[in-house]
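Step one of this worksheet: look at the structure below.
Numbering (my numbering), first residue to last: 8 to 281.
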């Protein structure tokens, strides 16, 4: 049994393309419909009510594309709005990015000390702390908001002295806690993995929520018998939508996805209920 319908993925911007990249790596035959709400990025500084509203609008747009699964590839929405979306979307599986990364970290920590970095909204929601404590209440969780990381990635400042200085500023306190696992709680952050690793040291394992989310999606689809046959290129038949195409869009998208997107479709916010 198989299901050839696409997987729907959304994020507030282009960071969710790191999840799409991992989907293509572990499920190369799957088609994806991606929506990046680039006109309203970032969501991290918005109110909880606005984040929930935006997330539901994004979800409804993708549902109109007859998807078989919805992945909320935005840590901010996953942290404060996932339950709200699940209440409104009951016909297909809906997964976020918080729980997969939390499970992976809980299984891998030897010191039982886990760090989490993300946007202010993600860290302020304590979603990762709650998820980790639901898995193992004895875990010690140390969180740090890193608001400058997203604009640094968007501007392509991946390997610069300034970026390394910012990483040191954000992360030195986490290192001093003795963590041995660090969850990258934002889909932008995998692009800074080398800089982050150089700052925290090799004794700290970095957990990429994009990778673990794609793995969970594959496991769920396999259990449901809903995987697309593993032949052909899902990427070639995928569609990519944004709410605003910025001048450096192509360069940023290629950075996240690891390959060039030939056809980007722009939609108006009115079309998703703004």
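No residue lacks a Cβ here, since even glycine has one placed at the ideal position from N, Cα and C. Note that this is a predicted model, so its numbers are computed, not measured.
Straight-line CA distance for residue i to residue j?
i, j, result
"residue 93", "residue 66", "10 Å"
"residue 186", "residue 71", "43 Å"
"residue 175", "residue 206", "6 Å"
"residue 126", "residue 261", "23 Å"
"residue 105", "residue 46", "24 Å"
"residue 248", "residue 15", "11 Å"
"residue 11", "residue 179", "46 Å"
"residue 29", "residue 240", "14 Å"
"residue 214", "residue 118", "15 Å"
"residue 216", "residue 277", "31 Å"
"residue 208", "residue 194", "21 Å"
"residue 51", "residue 61", "12 Å"
"residue 32", "residue 80", "16 Å"
"residue 232", "residue 56", "36 Å"
"residue 101", "residue 224", "9 Å"
"residue 210", "residue 162", "29 Å"
"residue 63", "residue 34", "26 Å"
"residue 88", "residue 44", "16 Å"
"residue 192", "residue 20", "15 Å"
"residue 132", "residue 9", "37 Å"
With a 10 Å radius around its C-beta and 16 neighbouring C-beta atoms as the bar for buried, classify residue i as buried or exposed.
i, result
"residue 114", "exposed"
"residue 103", "buried"
"residue 18", "buried"
"residue 229", "exposed"
"residue 200", "exposed"
"residue 53", "buried"
"residue 83", "buried"
"residue 236", "exposed"
"residue 97", "exposed"
"residue 1", "Outside the modelled stretch of the chain, which goes from 8 to 281, sits residue 1, for which no answer is possible."
"residue 150", "buried"
"residue 145", "exposed"
"residue 23", "buried"
"residue 152", "buried"
"residue 134", "buried"
First and last residue of the beta strand (DSSP E) that includes residue i?
i, result
"residue 76", "76-79"
"residue 43", "39-43"
"residue 184", "That residue, residue 184, is in no beta strand (DSSP E); it is neither H nor E in DSSP."
"residue 61", "Where residue 61 is concerned, there is no enclosing beta strand (DSSP E), although the alpha helix (DSSP H) it sits in stretches over 55-70."
"residue 249", "246-249"
Which first and last residues belong to the alpha helix (DSSP H) in which residue i is found?
i, result
"residue 29", "24-33"
"residue 92", "89-95"
"residue 14", "Counting along the chain, residue 14 falls outside any alpha helix (DSSP H), though it belongs to the beta strand (DSSP E) covering 14-18."
inquiry  = For the structure I just gave you, are there three or more beta carbon pairs, one from the segment 250-262 and one from the segment 270-279, closer than 8 Å?
reply    = yes
inquiry  = I want to know whether the segment 217-227 touches the segment 146-159 - three or more CB-CB distances under 8 Å.
reply    = no
request  = Check whether the segment 38-50 touches the segment 233-245, counting contact only when three or more Cβ pairs, one atom from each stretch, lie closer than 8 Å.
outcome  = yes
request  = Count the CB pairs spanning the segment 138-157 and the segment 104-113 that are closer than 8 Å, and state whether there are at least three.
outcome  = yes
query = Do the segment 161-174 and the segment 120-134 touch if we need at least three Cβ pairs shorter than 8 Å?
reply = no
inquiry  = At 3 residues or longer, what runs of the beta strand (DSSP E) sit wholly inside the segment 110-177?
reply    = 120-125, 147-152
message = To test your reading of the DSSP string, which unbroken beta strand (DSSP E) runs of 3 or more residues are found completely within the segment 186-235?
response = 188-191, 212-215
Complete beta strand (DSSP E) runs within the segment 252-279 (minimum length 3 residues, chain order) = 271-273
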